[in-house]
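Asks: Residue numbers (the numbering used here), protein chains in the order written: chain R, 15 to 238; chain G, 15 to 238. Note that the Cβ used here is the ideal one computed from N, Cα and C, for glycine as well.
Protein chains: 2
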Amino acid sequence: MLVVEDEPAIRELIAVNLRHAGYGVAFARSAEEAETILNGALPDLVVLDWMLPGQAGDAFARKLRAQARTRDLPIIFVTARVEERDKLAGLESGADDYLTKPFSPRELTARIKAVLRRRAPQLTDDVVRIGGLELNPATRRVIGEGKPLDLGPTEFRLLHFFMSHPERVYSRTQLLDEVWGDHVFLEERTVDVHIRRLRMALSATGHDDLIETVRGTGYRFRRG
Amino acid sequence: MLVVEDEPAIRELIAVNLRHAGYGVAFARSAEEAETILNGALPDLVVLDWMLPGQAGDAFARKLRAQARTRDLPIIFVTARVEERDKLAGLESGADDYLTKPFSPRELTARIKAVLRRRAPQLTDDVVRIGGLELNPATRRVIGEGKPLDLGPTEFRLLHFFMSHPERVYSRTQLLDEVWGDHVFLEERTVDVHIRRLRMALSATGHDDLIETVRGTGYRFRRG
DNA sequence: TCGATACTTTCAAGATGATGACGGGAGCCG
DNA sequence: CGGCTCCCGTCATCATCTTGAAAGTATCGA
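1) Applying the 10 Å Cβ sphere with the 16-neighbour rule, what's the burial state of methionine 214 of chain G?
2) Curious, which full-length alpha helix (DSSP H) runs of at least 4 residues does the segment 123-186 of chain G contain?
3) For a contact defined as C-beta to C-beta under 7 Å, what are the partners of glutamate 19 of chain R on chain G?
4) Assuming contact is defined by CB atoms lying nearer than 8 Å, are arginine 125 of chain G and isoleucine 90 of chain G in contact in what I supplied?
5) Report yes if the C-beta distance between histidine 174 of chain G and leucine 149 of chain G is below 8 Å; otherwise report no.
6) Flag arginine 211 of chain G as yes if its beta-carbon sits less than 8 Å from any beta-carbon of chain R, otherwise no.
7) Among the candidates G:Ala45, G:Ala48, G:Val61, whose CA atom is the shortest distance from the CA of leucine 27 of chain G?
8) What is the residue span of the alpha helix (DSSP H) that aspartate 206 of chain R lies within?
9) List the whole-angstrom C-beta distance separating valine 205 of chain G from leucine 190 of chain G, where the pair is believed to meet the contact cut-off of C-beta under 8 Å.
10) Would threonine 231 of chain G and serine 185 of chain G qualify as a contact pair, given that the criterion is a beta-carbon distance under 8 Å?
11) Does aspartate 196 of chain G come out as helix, strand or coil in the three-state DSSP assignment?
12) Taking C-beta to C-beta, are aspartate 20 of chain R and leucine 66 of chain R nearer than 8 Å?
13) So, helix, strand or coil for aspartate 223 of chain R, using DSSP?
14) Any beta-carbon of chain R closer than 8 Å to the one on arginine 154 of chain G?
15) What does the Cβ neighbour count give for glutamate 181 of chain G, buried or exposed, with the cut at 16 atoms within 10 Å?
16) One question on the structure: do leucine 240 of chain G and alanine 42 of chain G come within less than 8 Å of each other, judged by their Cβ atoms?
17) Give me the residue from R:Phe117, R:Leu130, R:Leu52 with the minimum Cα distance to proline 88 of chain R.
18) State yes or no: is the beta carbon of proline 167 of chain G nearer than 8 Å to at least one beta carbon in chain R?
19) Step through the CB atoms of chain R and report whether any lies within less than 8 Å of the CB of glutamate 226 of chain G.
20) Is aspartate 111 of chain G helix, strand or coil when you go by DSSP?
21) Taking 8 Å as the threshold, find out whether the segment 164-178 of chain G comes into contact with the segment 191-204 of chain G through three or more Cβ pairs.
22) When you compare the CB positions of valine 183 of chain R and arginine 234 of chain R, do they come within less than 8 Å of one another, or not?
23) Does the beta carbon of valine 205 of chain R sit closer than 8 Å to a beta carbon anywhere in chain G?
24) Is there at least one Cβ from chain R nearer than 8 Å to glutamate 121 of chain G's Cβ?
25) With a CB to CB cut of under 8 Å and the five nearest residues on each side skipped, what residues in its chain are close to aspartate 165 of chain G?
26) Quick one: using the 10 Å Cβ neighbour count with 16 as the cut-off for buried, is glycine 36 of chain R buried or exposed?
27) Listed from N- to C-terminal order along the chain, which residues in the segment 166-195 of chain G have their beta-carbon within a distance smaller than 7 Å of any beta-carbon of chain R?
28) Can you pull the chain G residues whose beta carbon is under 8 Å from the beta carbon of threonine 231 of chain R, in chain order?
29) Which residues of chain G have a Cβ atom closer than 7 Å to the Cβ of arginine 25 of chain R, listed in chain order?
30) Give the C-beta separation of glycine 145 of chain G and arginine 236 of chain G to the nearest angstrom, bearing in mind that I take them to be a contact with Cβ-Cβ under 8 Å.
31) Could you check whether the Cβ of phenylalanine 235 of chain R sits closer than 8 Å to any Cβ belonging to chain G?
32) Give the residues of chain R in contact with arginine 131 of chain G, contact being defined as C-beta atoms less than 7 Å apart.
33) So the alpha helix (DSSP H) threonine 50 of chain G belongs to, where does it begin and stop?
34) Nearest chain R C-beta to alanine 82 of chain G closer than 8 Å, yes or no?
35) Closer than 8 Å by beta-carbon distance: list the chain R residues that pair up with alanine 124 of chain G, in chain order.
36) Tell me which residue opens and which closes the beta strand (DSSP E) that valine 30 of chain R is part of.
This is the structure in structure tokens:
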């Protein structure tokens, strides 16, 4: 979660609420600062002030959309202006949603959740139920047929991603990007190992067969 | 893969690793030399040293971005300077990623792979339905009359191609080009074998007759 | 019937995935 | 501080599956 906002008061407001909602938050005071941060690791979502010193928010958004690496970053605009044309311009420049100041903390988190649900389901706190498994991100618990399952951190994220994107095949590379993060460089084989560990854990309730190997392609999480 | 780098040691390091990773590598000691090479054939990607004799790396990058023919060439910067401003300027001038010296071979190839991956055109994930068969690239599943069919990697690609181009006859040579990729040298008879394997797989639901032999010409996938 | 063309079967080499083990690092506890 | 545990990424090895080619058989068309 990256918040690009120059007014300290607003920044603080957003910070408190996002942290409270369980998100990790990074800040930038300007577009330039934001770029620096983005060059490191990619956040899951960007909250962007429309009015920034130096570079306008929508120009920055367009820039993000123009670069391959940041093209798919969800963006939420925060703006004080409410005219229709701004809304239009905002959405045209690639925003996923926008908030008009003043906004309630609840509205902020609600919109973030909505955007994430649409763009990256595995980043929300929603409980996922599928194939006889129930995964609860908020409590970090997984239950299979009533019994709790014991997963390590990585296995949990991997399972969460799979359960949020069932049936679809993912290559090892895609999984590394999605589950480990975009600027992480690991051996593809590492995925195999974690798949194994996840299967081991799931086998406690016989759910290990939900994870299918698609030879030559990757892995797939079977729906029920 | 074009590497623009004036230091022989670094050049050698990069060369060894890229070759080992299976890439063909060309070199240039300066921007001018690089231009000469680019006037010939376009590489898939350019690894560019930030500090070059004569012309600075970022100026060269901008130049590449300005010309239509080289606009879409992925560029990875190699730099010894680590200041934030350099990272910014580098990416602003159109780099897709950058490496800071010293870097590990693994990191180099990983970033190259990542950049190429991002540039690669999205494989069409559209579901293809025809002749009672349903092929879904996203899930990598094929279903005939409700029953799932089991195909190997090559058979899957072959079927995908056929279903995407029904009713048209393809020679063995064309199929080799389209399904295996041009520049592979295989016996034409090998196609027969894979056709057989595909028919075998399809016969599980009686769809094997969708693939017709056109004697003296090749094969054709029948619509329904 | 004959020659050309296609179909099948078989096989070894090469890919690819599964598995068990290892060493290191982060964090925790005493 | 140590010592310990947990978890992670990597590797070597083993088991399996795919693949391409070869060779024998079947079929087609003239």
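Replies: Let me lay it out:
1) Answer is exposed; the Cβ neighbour count stays below 16.
2) Unbroken alpha helix (DSSP H) stretches of 4 residues or longer found wholly inside the segment 123-186 of chain G: 167-178, given in chain order.
3) Within 7 Å Cβ-Cβ: nothing; glutamate 19 of chain R doesn't reach chain G, min ~19 Å.
4) Yes, they are a contact pair.
5) Cβ atoms of histidine 174 of chain G and leucine 149 of chain G: closer than 8 Å.
6) Arginine 211 of chain G has a beta carbon lying at 8 Å or more from every beta carbon in chain R.
7) The shortest C-alpha separation from leucine 27 of chain G is found at G:Val61.
8) It spans 203-216 - the alpha helix (DSSP H) in which aspartate 206 of chain R sits, taken as one unbroken run.
9) So it is a contact: roughly 6 Å between Cβ atoms.
10) A Cβ-Cβ contact shorter than 8 Å links threonine 231 of chain G with serine 185 of chain G.
11) Coil, per DSSP.
12) With respect to the 8 Å criterion, aspartate 20 of chain R and leucine 66 of chain R are classified as neighbours on the basis of their beta carbons.
13) Correct three-state label for aspartate 223 of chain R: helix.
14) At least one chain R Cβ lies under 8 Å of arginine 154 of chain G.
15) The residue is exposed, with fewer than 16 neighbouring Cβ atoms inside 10 Å.
16) No statement about residue 240 of chain G is possible, as the shown extent of chain G runs from 15 to 238 and does not include it.
17) With distances taken between Cα atoms, proline 88 of chain R lies closest to R:Leu130.
18) When Cβ-Cβ separations below 8 Å define contact, proline 167 of chain G makes contact with chain R.
19) Not an interface residue.
20) The three-state reading of DSSP puts aspartate 111 of chain G in strand, counting E and B together.
21) Judged by Cβ distances under 8 Å, the segment 164-178 of chain G makes contact with the segment 191-204 of chain G, as three or more pairs qualify.
22) Judged by beta-carbon spacing, arginine 234 of chain R lies within the 8 Å limit of valine 183 of chain R, meaning their Cβ atoms are closer than that value.
23) So no, valine 205 of chain R is outside the interface.
24) Taking CB atoms only, glutamate 121 of chain G has a neighbour in chain R less than 8 Å away.
25) Checking the sequence shown, residue 165 of chain G turns out to be leucine, not aspartate. Setting aside the 5 residues that flank it on each side, leucine 165 of chain G is surrounded in the same chain by Val156, Leu173, Leu212, Ala215, each with a C-beta closer than 8 Å to its C-beta; the list follows chain order.
26) Classified as exposed, glycine 36 of chain R has fewer than 16 neighbouring CB atoms from the shown chains inside 10 Å of its CB.
27) So the list reads Pro167, given in the order they occur along the chain.
28) In chain order: Arg154, Pro167.
29) Per Cβ cutoff of 7 Å: no residues; arginine 25 of chain R is ~20 Å from chain G at best.
30) Between glycine 145 of chain G and arginine 236 of chain G the beta-carbon gap is near 6 Å, inside 8 Å, which marks them as a contact.
31) No, its Cβ sits nowhere closer than 8 Å to a Cβ of chain G.
32) The contacting residues are Thr187.
33) It spans 45-54 - the alpha helix (DSSP H) in which threonine 50 of chain G sits, taken as one unbroken run.
34) Chain R, which has no Cβ nearer than 8 Å to the Cβ of alanine 82 of chain G, makes this no.
35) Those within 8 Å of alanine 124 of chain G in chain R are Phe199.
36) Careful: valine 30 of chain R lies outside any beta strand (DSSP E), inside the alpha helix (DSSP H) at 22-34.
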